[in-house]
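Residue numbers (this note's numbering): 612 to 862.
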């Protein structure tokens with residue numbers, strides 16, 4: 612049977628059959644080869660913050676309910692969840708037939724706010740089957756390996772949104788979003804830093820208390836902040852005359 616990276620009661624207090632989460636932070640994790648990266652189903656009270664998590668190779672195992680993989684799970688048959696904030700996720704589904712961000716039904720919540728994430732699906736970047744619930748999605752990068760099938764959004768005349776412009780027009784979401792192929796340094800070896808030429812570098816939104824101290828003109832999208840000064844002193848050329856530090860009298 613499939614397992615989630617973090618499930619409902621892994622990180623909360625349990626009383627009777629109810630999970631209670633109060634101002635929980637989930638940050639700086641790597642979830643690889645799981646059905647779902649982080650399950651927030653449900654979040655009682657809240658808020659919950661998921662920050663700078665890498666979720667890769669979802670859809671492992673099988674679901675008794677027939678669900679495919681996704682980076683986050685929100686749906687449940689329990690009471691209404693509190694606020695959920697998702698910032699700086701790098702989500703790469705990798706396995707065929709998996710959404711990056713799947714918003715399923717049933718389930719209710721006070722709100723889901725997402726900023727500065729990379730949603731890279733193999734079925735849809737976003738699949739919203741619960742459009743009656745409040746979501747606020749912006750400054751994210753959406754990509755899907757199937758051309759012309761970027762997002763699926765229930766409740767519309769045409770639920771299949773082919774590109775970012777259609778999503779923006781139909782839903783008002785991701786008005787500052789991107790639709791760009793995310794290129795990583797070496798994903799096969801687990802290196803999901805953005806390549807230095809990536810347009811997703813310095814493309815994010817500054818969020819006080821969340822991504823303070825970013826490098827460059829703005830935060831990068833995804834879980835990892837690139838350092839534009841790395842090797843800028845000529846270290847990689849092999850010329851010690853441009854090395855910038857000495858230790859114990861040796862360069």
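Note that CB positions come from ideal geometry on N, CA and C, so glycine has one too. Just so we're clear, the structure is a prediction, and the values are computed from it rather than from any experiment.
Check	Outcome
Same chain, Cβ closer than 6 Å to residue 789, neighbours up to 5 away in sequence not counted	752
Cβ-Cβ distance between residue 736 and residue 750 below 8 Å	no
Extent of the continuous alpha helix (DSSP H) to which residue 775 belongs	775-782
CB of residue 683 within 8 Å of CB of residue 697, strictly	yes
Proximity to residue 731 [Cα-Cα], best of 708, 657 and 743	708
Cβ separation of residue 811 and residue 831, assumed to be a contact under 8 Å, to the nearest whole Å	6 Å
Close-in-space but distant-in-sequence residues of the same chain around residue 814 (CB under 6 Å, 5 per side omitted)	832
Classification of residue 726 by the beta-carbon crowding that lies within 10 angstroms, buried from 16 upward	buried
Within 8 Å, strictly: CB atoms of residue 688 and residue 679	no
Helix, strand or coil at residue 753 [DSSP, three-state]	strand
Buried versus exposed call for residue 771 [16 or more other C-beta atoms within 10 Å across all chains shown]	exposed
Residue of 765, 642 and 768 minimising C-alpha distance to residue 834	642
Between the CA atoms of residue 634 and residue 660 - distance to the nearest angstrom	8 Å
Continuous beta strand (DSSP E) stretch holding residue 729: start and end	729-732
Assigned secondary structure, residue 607 (DSSP; H/G/I helix, E/B strand, else coil)	Nothing can be reported for residue 607: it is not among the residues displayed for the chain, which extend from 612 to 862.
Rounded separation between residue 744 and residue 720 - CA only	7 Å
Span separating the alpha-carbon of residue 625 from that of residue 774	Since pLDDT at residue 625 reaches only 34, below the 50 mark, its modelled position is unreliable, and no value is offered.
C-alpha distance - residue 827 paired with residue 690, whole-angstrom precision	42 Å
Minimum length 3: unbroken beta strand (DSSP E) runs contained in the segment 797-830	802-805
Inter-residue Cα distance where the pair is residue 818 and residue 767	32 Å
Collapsed DSSP secondary structure at residue 627 in the structure displayed	The pLDDT assigned to residue 627 is 31, lower than 50, so where the model puts this residue is not dependable; a value taken from the coordinates is nonetheless given after this. Three-state result, residue 627: coil.
Three-way DSSP call (helix, strand, coil) for residue 679 in this model	coil
Counterpart residues of residue 662 in DSSP-defined beta bridges	638 and 698
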